[in-house]
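Inspection log for the structure reproduced underneath, given as structure tokens.
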Amino acid sequence: MNPFPGLGGGPLFRAGRRHLARNPWQLVLSVLGVALGVAVVVAMDLAIQSSREAFRVSSETVTGRATHQVLGGVSGLPDSLLVQLRMEGGVSAAAPVVDAYVTSPRAPGRALRLLGVDPFSEGAFRPWLAGGPTSDLDGSLLLSRRGAVVLGRELAEVMGLKAEDPMEIGTGEGWGELQVVGVLEARDRASRLGLQDLLIVDLAEAQEQLGRLGRLDRIDLILSGEEDAGAREAAVMRLLPPGARLERAGSREATMAEMIRAFDLNLTALSLLSLVFGVFLIYNAMTFSVVQRRRTLGTFRALGATRGQVMLSILGEALLLGVMGSFLGLLAGIGLGRGLVRLVTRTINDLYFVVSVEGLALPPGVLLKGAALGIGATLLAALPPVWEAGAASPREAMARSSVESRVRRTVPLAAGIGTALAAAGTGLILFPTQALLPAFIGLFGIILGMALLTPLGTVLLVGALRPLLRRTTGVLGAMAARGVVTSLSRTAPAVAALVIAVSVTVGLGIMIQSFRGSVVQWLDATLQADLYVSTPSAVSARADGELPPGAGAMARNVEGVQGLNSYRGVELLTDYGMTRLVALDLDPLGDAGIDLIGGRSGGDQVFEMFRAGDGVLVSEPFAFRQEVGVGDTIRLEGDRNDLALPLLGVYRDYGSETGAVMMSRAVYDLHWEDAGVTSLGLFLEPDADERTVATALREALGTERPLVVRSNSELRELSLEVFDRTFAVTRVLRLLAFGVAFIAILSALMALQLERRREFGVLRANGMTPRQGWGLITAQTGIMGAVAGVLAIPVGLMLAVVMILVVNRRSFGWTLEMQVGVDLVLQAVALALVGALLAGLYPSWRLGRTSPAEALRGE
Amino acid sequence: MVQPIVRLAGLGRSFPEGGGLRSVLDGVDLSLPAGQFTALLGPSGSGKSTLLNLVSGIDRPDTGVVEVAGVALHDLSERERTLFRRDRLGFVFQFFNLIPTLTVEENLLLPFELRGGVTPRQRERARELLDRVGLVDRLNSWPDLLSGGEQQRIAVARALVHKPQLVLADEPTGNLDRDTGEVVLDLLDELLRPLGTSLLCVTHAPEVARRMDQVLIIRDRKVVRLEAGDENGMPGQSAEVASGGERG
């Protein structure tokens, strides 16, 4: 006996399975809907996880067994501190490290990590580097000659290197030469990942290559194993020079990983949209399949199948579709993830920190989560049709009842629930918090609410359109309009899917347009100089190298240069978290280059005080995140002494979302031991020729280090290029989401038109030509498209407002000026119209080929 | 005294219409003896299908009592009525209502499968019945490949396979030509009478009504018994009944 006759081999499930097999397009579209939704979510998740995993493994590999790290300030730590820690601090396990990202012509575009270590101190920290019976490397090799470098087997193969080969590296100092003395075999997956971007050299070699003689980036310590670790920590802290910090191992990495949380969440939310459209698709297909079988289900009920058995059988079908779709989605997601990981990594490198991802990690958790989401979403989407199937009355086996009249009765209820959902979503968004998650939940609430309001909007709009169509296109036009309302159970979900797809496209479009517009305005305001000089960075869009010493003075003497701003930017772990310190030697000509928020009134006084060192400026994201305002005191630990200055003003900055503190160069020099300059902005004499000055500059600054001299317009273009690159992922996701939505519409329209085969047969039998039939379907899909387009405009604007004022603000701390182009609004209507018309092509072609006799016969 | 297979007392049922209520059945009292064939006549919209729905437990009355085989259906929950229908009743529909995605044999075994499984004995009975209706060679065919008459013969076999106490037929010949209709009626006679199974058959056709043991007609929202020779009551014979669509 089968205790669950609704499942497995039961007649209901068997009949359902055969129904799907007899309607393969329905099956294919349903499975495709789930598969695409799951693929996008899984691909995005894999890409994000891969970048995080690469960052974690890379950090862990170089951190090794250290429990604590002494981190240097801007200028690092003096060599002597190591001896002091060992002698006076009583620390037995301490290893000095110099750590920087470099490039190599053999691995173009790839960030390589140059790790300078002391082979004799390494044993306790990174045993694979230390030498000894169980080690992979004889550490003394690193000391065997100048320029000795060791790297992993995989990286060596990528770069075409073997032992004894020379290799060139690019640093902020220029080009340097190394020689491969050993190739490391990875022992396991973790060490393979850790080694994939690592170049290991002796400490002194790294110091020389990077121009950091006598300086260390950090000292790794093992304190926890020792007795009274707390006392040890205190002893170490007492020895630290100003600006240095004692951190538990991994805390710096955790802070950095936290930085990309908002970025990750944005991408995840966007990828979930695809799944939302997938849910629509499943809902459509399942509802259609139930409506199609109402008579059969009614017969089952009349013959004694319980409501539960019928519902269970439909749920079983949904489960089957969910499992098939999710499995295919996982496979497609892995493929898609390989493409997305490159885009995600690039953006992280541009905006946050350097991470090198060479492969896609496949954590089982992500795959399981994807499958669970796919199956869960399918079952959720199937609930209304399952309910509908349960409601199939045995009476329907004897007489046809109108599903549609019931659906039409629920329109006001749906609108009511939709309004409540949208209101709740708005409430959640307006709730005063900096947290991003409530904003996204609120946003999804609004989207869902709007979807539920669509049936009412459709009825009202089509009602208004109908008389017009009757007058202009006759009975066929009126029929087409009426058909949209009489088949509301099929047309409303299709229109809703289209409204959401188009409004999301409009919303994202307006957001990107506004963002770009704001960035352009900001660049116009801030890029005041005529020429910009910096060192190139192969791994990030940001200038992070160092110009030759005295570059500013040399540039000032070049003929044609009227004045200059010198700029020093360093990333530092402070009490505020990762912060970009900006030291500015501001030429009076460049005052306008700082875009103070809240008008320029008092601006002159602000700059006067700034120059005099009476205070600092902070970027908008910093002020937002730290909740500080003008007049508050900003406190930072300097190399020489601590800084505590009042906040003079907040400036607009789309260059860094981590937040920046800007001070005059004089203030910086007073607190930090760092004479470096990152870039220069030169103001030229009115009659000076940019090219001539650029050539003279290169000669004056020497060719020892690679320099980039860019004109104002070149830098502007480059900045916008980086901006566009940053949004490449968003664009891809938007496109994918629209693709899924399009299939949802196609499926709904096909269901609608194929369901009306008989009606079409009657019309054909009464003399309607195939051409007229085509016109009827096209008119109907056109009406649906137009309605969706019109409804999508206010919804899209609403989404844009939320994304600009709330999501972006909370994610990145930026305020953007909303810019709505008429072209985008028109595009929305056109997109909806074209989408709907395209989706109507196949059904009209199929119906046109059906003979009236066949259509009339087929019940 | 033999227990009636169907007992209705004070039965009433109305439906909402145009903002008010339209009464279809009102104060119906009826008792059908077990083992008898009963025809139920009445013009379209007179409430025949409503009565059939109430007797089968598909619908519930607003007022009154519905007892079938001694079970008070009006007191049962929806699920209990479904299970009652599954075990004790058989259905023959006007449009056959075979499940298009189940084969002929699977359609026949449906009442057993819905209970949880099929025993070899039940399978054997299904084949016997198929043999009796002359379609044992179509065991594995899909229903939509059969003619209307063949489909209805299968439907009759499906209604009887689990040996119900009462078979409800809604215009069983309404979609068939006269000869094929006769074949189906013969089958009902041959298969039901030896088992003592009762039949309640809604019909418009006088020739169907004539083959029943008793004929009932719905008039003015009540069920009236037509006595033998009351030709005026037969459809097609009485202008009053035949054109009484407005009566409800």
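Chain order of the listed sequences is U and P.
Be aware that the first sequence starts at 796, since it is given in the working numbering, and climbs by one per residue.
Be aware that the second sequence starts at 14, since it is given in the working numbering, and climbs by one per residue.
Where is the CB? At the ideal position from N, CA and C, for every residue including glycine.
Applying the 10 Å Cβ sphere with the 16-neighbour rule, what's the burial state of residue i?
i                       : result
residue 61 of chain P   : buried
residue 1441 of chain U : exposed
residue 761 of chain U  : Nothing can be reported for residue 761 of chain U: it is not among the residues displayed for chain U, which extend from 796 to 1654.
residue 91 of chain P   : exposed
residue 1395 of chain U : Low confidence applies here, because residue 1395 of chain U scores a pLDDT of 42, under 50, leaving its location unreliable; read the following figure in that light. Its Cβ having fewer than 16 others within 10 Å, residue 1395 of chain U is exposed.
residue 927 of chain U  : Because the pLDDT of residue 927 of chain U is 42, which lies under 50, any placement of that residue in the model is unreliable, and the question is left without a value.
residue 1197 of chain U : Because the pLDDT of residue 1197 of chain U is 47, which lies under 50, any placement of that residue in the model is unreliable, and the question is left without a value.
residue 1363 of chain U : buried
residue 961 of chain U  : exposed
residue 1207 of chain U : exposed
residue 1229 of chain U : exposed
residue 888 of chain U  : buried
residue 254 of chain P  : Bear in mind that a pLDDT of 31 at residue 254 of chain P, under 50, signals an unreliable position, so the model cannot answer this.
residue 191 of chain P  : exposed
residue 9 of chain P    : No statement about residue 9 of chain P is possible, as the shown extent of chain P runs from 14 to 261 and does not include it.
Suppose you measure from the CA of residue i to the CA of residue j; what does that come to, to the nearest Å?
i                       : j                       : result
residue 1390 of chain U : residue 908 of chain U  : 36 Å
residue 1527 of chain U : residue 1070 of chain U : 15 Å
residue 854 of chain U  : residue 1609 of chain U : 30 Å
residue 1348 of chain U : residue 874 of chain U  : 30 Å
residue 1255 of chain U : residue 1218 of chain U : 21 Å
residue 1547 of chain U : residue 1632 of chain U : 14 Å
residue 130 of chain P  : residue 45 of chain P   : 33 Å
residue 1351 of chain U : residue 1359 of chain U : 7 Å
residue 1635 of chain U : residue 70 of chain P   : 44 Å
residue 1382 of chain U : residue 1400 of chain U : 15 Å
residue 1412 of chain U : residue 1447 of chain U : 10 Å
residue 1190 of chain U : residue 824 of chain U  : 31 Å
residue 1281 of chain U : residue 830 of chain U  : 31 Å
Between the options, which lies nearest to residue i when the distance is taken from Cα to Cα?
i                       : options                        : result
residue 936 of chain U  : U/952, U/1481, U/913           : U/913
residue 1436 of chain U : U/1176, U/808, U/1468, U/1578  : U/1468
residue 51 of chain P   : P/220, P/208, P/215, P/219     : P/215
residue 891 of chain U  : U/877, U/1305, U/1431, U/1163  : U/877
residue 210 of chain P  : P/114, P/181, P/218, P/187     : P/181
residue 1461 of chain U : U/1410, U/1187, U/1481         : U/1410
residue 82 of chain P   : P/155, P/153, P/179            : P/179
residue 111 of chain P  : U/1001, U/810, U/1587, U/974   : U/810
residue 806 of chain U  : U/947, U/1100, U/1076          : U/1100
residue 115 of chain P  : P/171, P/138, P/80, P/142      : P/171
residue 43 of chain P   : P/18, P/34, P/183              : P/18
residue 835 of chain U  : U/1124, U/1138, U/1418         : U/1124
residue 880 of chain U  : U/818, U/1007, U/1084, U/1036  : U/1036
residue 1164 of chain U : U/833, U/1496, U/1566, U/1505  : U/833
residue 1077 of chain U : U/1097, U/1116, U/1060, U/1091 : U/1116
residue 96 of chain P   : P/105, P/84, P/107             : P/84
residue 1537 of chain U : U/996, U/1074, U/1244          : U/1074
residue 22 of chain P   : P/38, P/34, P/28, P/33         : P/38
For residue i, which residues does DSSP report across the bridge?
i                       : result
residue 1460 of chain U : Bridge partners of residue 1460 of chain U: none, in fact.
residue 235 of chain P  : P/232
residue 1255 of chain U : Per DSSP, none; premise fails for residue 1255 of chain U.
residue 974 of chain U  : U/943, U/961
residue 30 of chain P   : P/33
residue 1327 of chain U : U/1476, U/1505
residue 1375 of chain U : U/1366, U/1455
residue 165 of chain P  : Residue 165 of chain P is not bridged to any residue.
residue 1412 of chain U : U/1444, U/1457
residue 890 of chain U  : U/1015
residue 912 of chain U  : U/892, U/997
key: Residues of the segment 83-110 of chain P whose Cβ lies closer than 9 Å to any Cβ of chain U, in chain order   = The segment 83-110 of chain P vs chain U, Cβ under 9 Å: 91, 92, 95, 96, 97, 98, 99, 100, 102, 103, 104, 106, 107, 108, 110.
inquiry  = Any C-beta of chain P within less than 9 Å: which residues of the segment 1082-1115 of chain U qualify?
reply    = Hits within the stretch, in order: 1088, 1090, 1091, 1093, 1094, 1095, 1096, 1097, 1098, 1099, 1100, 1101, 1102, 1103, 1104.
Chain-ordered residues of the segment 205-221 of chain P with a beta carbon less than 9 Å from chain U = Hits within the stretch: zero.
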